[in-house]
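The numbering of the sequence shown is the working numbering, which starts it at 792 and goes up by one.
Heads up, the beta-carbon is just placed ideally off N, CA and C, and yes, glycines get one too.
Quick caveat: nothing in here was measured; it's all calculated off a predicted structure.
Heads up, the thing below is written out as structure tokens.
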Amino acid sequence: MPPTLPSQSKSIHADFYHIEQQEVTHTTVARDLLTSHINGHAPAHSLDDPNEKFQIRGISHASTDGKIFKAVFGRLRHGETPEQASESTDDADVELKPGHGLVEKNHFLFFSDLNLIVFQRNGHAGRNSHLQAYLNKPTYAHVSLSPILTHDSYSKLLNGDSLKKIEISLRKPAAALQQEDTFLKDFIDSFQGQSIGSIKITLSAERHGALRDSLKEALVTLSKFGRTRIARATLVDDNVIDLMLDRVTHKFSVPVQANGRPTPSDLFSGLADAKDQCSDDLESYFNP
């Protein structure tokens, strides 16, 4: 008899991203890719590791008008044999089928009229930076995934008091990725060939002074960069605006099956409900 599951439900976080393309008002990059591979899989691409590929899989329409898509962003890992064991037996390899690898998944919904992605957060699978890099393959298309913020935080920063301090932290990017913006080039170059995992920058104004307002735009741009960990501003009036913590997210629960996983239909249903639950924040973002 299989062991009883410790929990019959699983908590899922949904994150929200706006797909943007430099100098294109309403990009069709994602819609065209998904349409081209409807009822199938899009191409797989290596990003950081040659033994690891990312792929948009199981693409289908989620609405009768064809404007909403559902799909899986899969992380395929080759060159690794998983192990299994019980409490009383030795470890043993799990034999995979020839040509197969381990797969971890992010389910997502894409609303093409808004260029909105509602993305299942899964730390074992891909991050938004991986999906952003994937959409820029096979050639860099200047596509970015902008996190959607609550309470119109971008506006609070840009229209608020002068800057007293800004804090920025970036994860180390892979040398193979080419989506880094030009203004980041010097920072990116400083990582190469170094045993550095991240870089953090803090700029503080002199006593009773203020930083240049142009740094507000730079901070907004950095907050949209897929490998940014911290993007925080402290204004002269001591108002603190954290562009990472102010992202729109929604937590929901889905039933777990006997295999320990939720069904895709439950995940897609939960993502659709997450969009409905966050409708006020989304309306504020898309129709300020």
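Alpha carbon to alpha carbon, how far is residue j from residue i? Give it in angstroms, no decimals.
i	j	result
Lys955	Asp1037	19 Å
Ala1009	Ala1022	10 Å
Asp1057	Arg866	21 Å
Asn1050	Ser1044	17 Å
Phe845	Leu926	10 Å
Thr973	Gln799	Caution is warranted here: a pLDDT of 47 is assigned to Thr973, below 50, making its placement in the model unreliable, and the coordinate value is therefore given only provisionally. C-alpha separation (whole angstroms): 48 Å.
Glu878	Glu886	20 Å
Asp881	Ser1060	40 Å
Thr741	Ser1005	In the structure displayed, the chain extends from 792 to 1079; residue 741 sits before or after that span and is not available.
Gln813	Val934	7 Å
Leu990	Ile959	Per the sequence presented here, residue 990 reads as Ile, with Leu not at that position. Approximately 8 Å between the Cα atoms of the pair.
Thr737	Ala1065	The question about residue 737 has no answer here: the residues shown for the chain are numbered 792 through 1079.
Glu843	Ile992	31 Å
Val1027	Leu1073	29 Å
Asn946	Ala876	Residue 946 is actually Ser in this sequence, not Asn. Taking the straight line from one Cα to the other gives about 53 Å.
Met1035	Ala883	42 Å
Asp1067	Glu997	45 Å
Out of the options, which has the shortest C-alpha to C-alpha gap to residue i?
i	options	result
Gln923	Met1035, Lys1042, Ala821	Ala821
Gly831	Val1047, Tyr931, Ile850, Gln813	Ile850
Glu811	Ile990, Ser802, Asp881, Ile939	Ile939
Asn1030	Arg1003, Ala853, Leu949, Arg962	Leu949
Leu838	Pro929, Arg1020, Gly890	Pro929
Val815	Pro889, Lys858, Ala932, Ala883	Ala932
Asn906	Ser937, Asp884, His891	Ser937
Leu893	Glu874, Arg962, Tyr945, Ser1075	Glu874
Ala903	Pro834, Lys858, Lys888	Correcting the residue identity first, residue 903 is Ser in this sequence and not Ala. Minimum Cα distance to Ser903 is reached at Lys858.
Ser827	His852, Ile908, Val1011, Thr1012	His852
Ser1075	Pro889, Gly914, Asp840, Thr941	Thr941
If you run the structure through DSSP and keep just helix, strand and coil, what is residue i?
i	result
Arg822	helix
Tyr1148	Given that the chain is displayed from residue 792 to residue 1079, the structure contains no residue 1148 and the question cannot be resolved.
Thr855	coil
Asp919	The identity of residue 919 in the sequence shown is Asn, whereas the question assumes Asp. The answer is helix: DSSP assigns Asn919 an H, G or I state.
Leu948	helix
Thr1012	helix
Glu814	coil
Glu958	strand
Leu1111	With the chain covering 792 to 1079 only, the question about residue 1111 has no answer from this structure.
Leu1002	coil
Please determine whether the Cβ atom of residue i lies at a distance below 8 Å from any heavy atom of the ligand SAM.
i	result
Ser935	Looking for the ligand SAM in the displayed structure turns up nothing, as the structure carries no ligands at all.
Does the region 912-926 come close enough to the region 867-874 that 3 or more CB-CB pairs lie under 8 Å?
no
Three or more beta-carbon pairs under 8 Å between the region 852-863 and the region 891-904, yes or no?
yes
Continuous beta strand (DSSP E) assignments of at least 3 residues falling wholly in the region 1023-1072:
1031-1033, 1040-1046
How about the region 1039-1057 and the region 799-808: do they share at least three Cβ pairs that are nearer than 8 Å?
yes
Just to confirm the assignment: which complete beta strand (DSSP E) runs, minimum length 3, are found wholly within the region 834-905?
835-837, 843-852, 859-868, 893-902
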